[in-house]
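*Asks:* Residue numbers (full-length UniProt numbering): 1 to 536.
The structure that follows is given in the form of structure tokens.
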Amino acid sequence: MNPEAVYRSILTPLTFIKRNAKVYSHKVAIIYKQKRFTYAEFAERINCLASALRHAGLEKGDRVAFFCFNTPPMLEAHFAVPLAGGILVSINTRLAPQEVAYILNDCGAKFLFVDTELANIIRPIQDSLETVKQIINIREIEEFEPLAGEDYEAFIQTGSDAELPWLIADEMETISINYTSGTSGKPKGVMYSHRGAYLNSLGEIIETTLTPSSVYLWTLPMFHCNGWCFTWAVTAIAGTHICLRKFHPGTVWNLIAQEKVTHFNAAPVVLISLLNHPNCPQVLAAPLTITTAGAPPSPTLIAKISEIGAKIIHVYGLTEVYGPYTACEYQSDWEDLDIAEKAKLMARQGVPYIGADGLRVVDKNMHDVPADGRTMGEVVMQGNMVMTGYYNDTKATERAFHGGWFHSGDLAVMHPDGYIEVRDRMKDIIITSGENVSSIEVEQCLYRHEAVLECAVISIPHAKRGEVPKAFVTLKEGMQVTEQELMQFCRSQIAAFKCPSTIEFTSLPKTSTGKIQKYLLREKEWVGHDKKIFGA
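Following this line, the structure appears as structure tokens:
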């Protein structure tokens, strides 16, 4: 097979921008504040960034970290970094300095792009970064002092806008690494392939009915599963990206009206804030499709979304499966049901995406549970839209894929119609406002305080954030610390959204072998509440 034939056979999101630079050269690709970039200009900036990285010494397989908001540079990086031959690592902007340092050192990032608003998170850890050779400042707001390093716009000018040859030899090569909290307490780097990103993008287009006329608003962080791969999907269909630096409900409603937004993605907690904002219209002036995950949307939320004329799509997944992996496909025979019954069906996690090869609910022996809507088992997945593994962690990868299927850690039932419904979680993960928090990570933080003898962290219900961490702490004999002092200690160690919302000093219930019985603590805290199960 000649090289040109191999080149054409590779499935990669890089084909999307290559095509659109020619087919939709004059179409608006990106809107950000007063700026507008056509697809031709978008492609030129991607080529400039990619060639600048190569000129700066990037070699194939080098990791390039971006620590910034939903601005054009973050979107450009999704194409430019793999075009240069690198692997993109998008870092959660809400993390604490030591958490960022861990990710940068674990992935071995060579280049670090930082929005200057986040520079103060990097400053205290800069000397501990083991592999970063160059820092580039994304300088948008002048009041923030940049780090020592080149300005982003100056950096990309060192490159050329000429189209670069690809360095990809195999579509299963890694295109990005996304870090997620796990039950071990340490984040793990989830590796996405070019092929998986390509196929997931096409799945997003089909499931959410994106078209070249679509206008997508970036309310979902691009650092989260590469924005559920919509960074690539919207580009693939030649839609228009509206970048949004920070989420604010009033701004979102204004942009929806002004720019005729057709699609956005958000957790239910975000939708609640939008519906309760004074700018929320009684009836939308144009069709709007909202894809939601992070918690099953309540019947009330579905009713309100429907009342203003929006279409809501409920999806489910994990970082390990590129974000959404299932969708609760709407059936026409649900139309005549009352809103409560319809919402109950729509709140299920659903069926596999187009492009998702395998979804099962199995018992401990890997046998499928009966499709009776009652028997629980673990959700397992397989195929193109499942990660290739955890970066630099062979043992964790082997554990996740035992039996040849990826194990989600979520317990679900299979309904007779083939739709799954998640009922409980095997992992000690708390999802607050759509962000994953490892209870073990929070416990490890508490254990670092000299006064803490033992502790347990669980989720408790929260009206706006879905669930939040609560800590139960037993102090060492003769030692004292207040709730506020311990909370402040946590804030100095981990991101604020991970810190306990409240701390109760008490003795902990245990089994005869000394294991803490978290379920007893949960039962007490969730009395009168339906247990919330969170997804992608």
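Yeah, the Cβ is synthetic: ideal placement off N, Cα and C, and Gly gets one too.
I'd like to know whether the C-beta atoms of Gly-75 and Ile-17 end up nearer to each other than 8 angstroms.
*Replies:* Per the sequence presented here, residue 75 reads as Leu, with Gly not at that position. Cβ atoms of Leu-75 and Ile-17: not closer than 8 angstroms.
*Asks:* Could you give the residue range of the alpha helix (DSSP H) that holds Leu-49?
*Replies:* Residues 39-55.
*Asks:* Quick one: is Glu-145 buried, meaning 16 or more other Cβ sit within 10 Å of its Cβ, or exposed?
*Replies:* When all chains shown are included, Glu-145 counts as exposed.
*Asks:* Which value, in whole angstroms, describes the spacing of the CA atoms of Asn-20 and Tyr-216?
*Replies:* If you take the alpha carbons of Asn-20 and Tyr-216, they lie about 17 angstroms apart.
*Asks:* Would Gln-480 pass as a contact of Ala-456 if the rule is Cβ separation under 8 angstroms?
*Replies:* Contact flag unset, no.
*Asks:* According to the Cβ coordinates, are Phe-264 and Thr-219 closer than 8 angstroms?
*Replies:* Yes, the Cβ-Cβ distance between Phe-264 and Thr-219 is below 8 angstroms.
*Asks:* Output the residue ranges of the alpha helix (DSSP H) runs that lie fully inside the stretch 206-252 and measure 4 residues or longer, sorted by chain position.
*Replies:* Runs of the alpha helix (DSSP H) inside the stretch 206-252: 225-228 and 230-236.
*Asks:* Can you give the Cα-Cα distance for Glu-162 and Arg-123, rounded to whole angstroms?
*Replies:* In the sequence on display, residue 162 carries Ala and not Glu. Cα to Cα, Ala-162 sits roughly 35 angstroms from Arg-123.
*Asks:* Skipping 5 residues on each side, what residues in its chain have a beta carbon closer than 7 angstroms to that of Gly-182?
*Replies:* The predicted model places Gly-182 with a pLDDT of 45, which falls under 50 and marks its position as unreliable; any figure quoted below should be read in that light. Contacts found: Lys-188 and Ser-438.
*Asks:* Identify, in the order they occur along the chain, each residue of the same chain with its Cβ nearer than 6 angstroms to the Cβ of Ala-50, setting aside the five sequence neighbours on each side.
*Replies:* Same-chain partners within the cutoff: Ala-80, Leu-83, Ala-84 and Leu-164.
*Asks:* Which word fits Leu-271, buried or exposed, when buried means at least 16 other C-beta atoms lie within 10 angstroms of its C-beta?
*Replies:* The residue in question, Leu-271, is buried, as its Cβ has 16 or more Cβ neighbours within 10 Å.
*Asks:* Who are the near neighbours of Asp-151 in its chain, counting only those whose CB is closer than 6 angstroms to its CB and skipping five residues on each side?
*Replies:* Around Asp-151: Asn-137 and Arg-139.
*Asks:* Start and end of the beta strand (DSSP E) containing Val-132?
*Replies:* Taken as a continuous stretch (DSSP letters only), Val-132 belongs to no beta strand (DSSP E), as it is neither H nor E.
*Asks:* What is the rounded straight-line gap between the Cα of Val-468 and the Cα of Ile-429?
*Replies:* Those two C-alpha atoms are separated by around 11 angstroms.
*Asks:* Is there a Cβ of chain B sitting closer than 8 angstroms to that of Leu-301, yes or no?
*Replies:* Protein chains in the displayed structure number just one, and chain B is not present.
*Asks:* To which residues does DSSP link His-529 through a beta bridge?
*Replies:* Answer by DSSP bridge pairing: none, since His-529 is not bridged.
*Asks:* Tell me whether Asp-372 is buried or exposed, calling it buried when 16 or more other Cβ atoms sit within 10 Å of its Cβ.
*Replies:* So Asp-372 counts as exposed.
*Asks:* With the cut-off set at 8 angstroms, would you say Ile-316 and Ala-293 are in Cβ contact?
*Replies:* In the sequence as presented, Ile is not what sits at residue 316; that position holds Tyr. Yes, they are a contact pair.
*Asks:* For Cys-455, write down the residues that DSSP places opposite it in a beta bridge.
*Replies:* Paired residue(s): Val-473.
*Asks:* For the putative contact between Met-376 and Arg-423, defined by C-beta atoms under 8 angstroms, what is the C-beta separation to the nearest angstrom?
*Replies:* Between Arg-423 and Met-376 the Cβ distance is about 6 angstroms, and since that is below 8 angstroms, they are a contact.
*Asks:* Per DSSP, what are the beta-bridge partners of His-407 in this structure?
*Replies:* In the DSSP output, where bridge partners are listed per residue, His-407 has Val-380.
*Asks:* Leaving out five residues on either side along the sequence, give the residues of the same chain with a beta carbon under 8 angstroms from the beta carbon of Leu-58.
*Replies:* Val-64, Ala-84, Gly-85, Gly-86, Lys-110 and Phe-111, listed in sequence order.
*Asks:* Which two residues bound the contiguous beta strand (DSSP E) that contains Val-361?
*Replies:* Segment 358-362, the beta strand (DSSP E) holding Val-361.
*Asks:* By Cβ distance, which residues of its chain are closer than 8 angstroms to Asn-254, with the 5 residues on each side in sequence left out?
*Replies:* Once the five neighbours on either side are set aside, the close Cβ partners of Asn-254 are Asn-279.
*Asks:* What are the boundary residues of the alpha helix (DSSP H) that includes Lys-395?
*Replies:* First-last of the alpha helix (DSSP H) with Lys-395: 394-400.
*Asks:* Which full runs of the beta strand (DSSP E) of 3+ residues lie inside the stretch 497-523, going along the chain?
*Replies:* You should have 502-505.
*Asks:* According to DSSP, is Val-430 helix, strand or coil?
*Replies:* It is worth fixing the name first, because residue 430 is Ile in this sequence and not Val. Reduced to three states, the DSSP call for Ile-430 is strand.
*Asks:* Tell me which residue opens and which closes the beta strand (DSSP E) that Asn-105 is part of.
*Replies:* Taken as a continuous stretch (DSSP letters only), Asn-105 belongs to no beta strand (DSSP E), being part of the alpha helix (DSSP H) at 97-107.
*Asks:* Compute every distance between the C-beta of Ser-9 and the non-hydrogen atoms of the ligand GDP, then say whether any falls below 7 angstroms.
*Replies:* As for the ligand GDP, it is missing from this structure, which has no ligand bound.
*Asks:* For Thr-388, which residues of its own chain have a beta-carbon under 8 angstroms away from its beta-carbon, when the five flanking residues on both sides are left out?
*Replies:* Hits under 8 angstroms: Met-172, Thr-174, Met-191, Tyr-192, Ser-193 and Gly-196.
*Asks:* Mind checking Leu-453: buried by the 16 CB within 10 Å criterion, or exposed?
*Replies:* That one is exposed.
*Asks:* Compare the C-alpha of His-415 against each of Pro-461, Lys-344 and Cys-229 and name the closest.
*Replies:* Taking only the C-alpha atoms, the option nearest His-415 is Lys-344.
*Asks:* Using the Cβ count rule (16 or more neighbours within 10 Å means buried), how would you classify Ser-9?
*Replies:* Exposed, because fewer than 16 other Cβ atoms sit within 10 Å of the Cβ of Ser-9.
*Asks:* Measuring alpha carbon to alpha carbon, tell me which residue in Glu-435, Leu-244 and Val-269 is nearest Ile-305.
*Replies:* Ranking Glu-435, Leu-244 and Val-269 by Cα distance to Ile-305 puts Val-269 first.
*Asks:* Would you mind giving the Cβ-Cβ distance between Tyr-325 and Met-381, rounded to the nearest angstrom? I have them listed as a contact below 8 angstroms.
*Replies:* Right, the Cβ-Cβ distance comes to about 6 angstroms (below 8 angstroms), so this counts as a contact.
*Asks:* Apply the 10 Å Cβ neighbour rule to Asp-106 and answer buried if 16 or more other Cβ atoms are within range, or exposed otherwise.
*Replies:* Its Cβ being crowded by 16 or more others within 10 Å, Asp-106 is buried.
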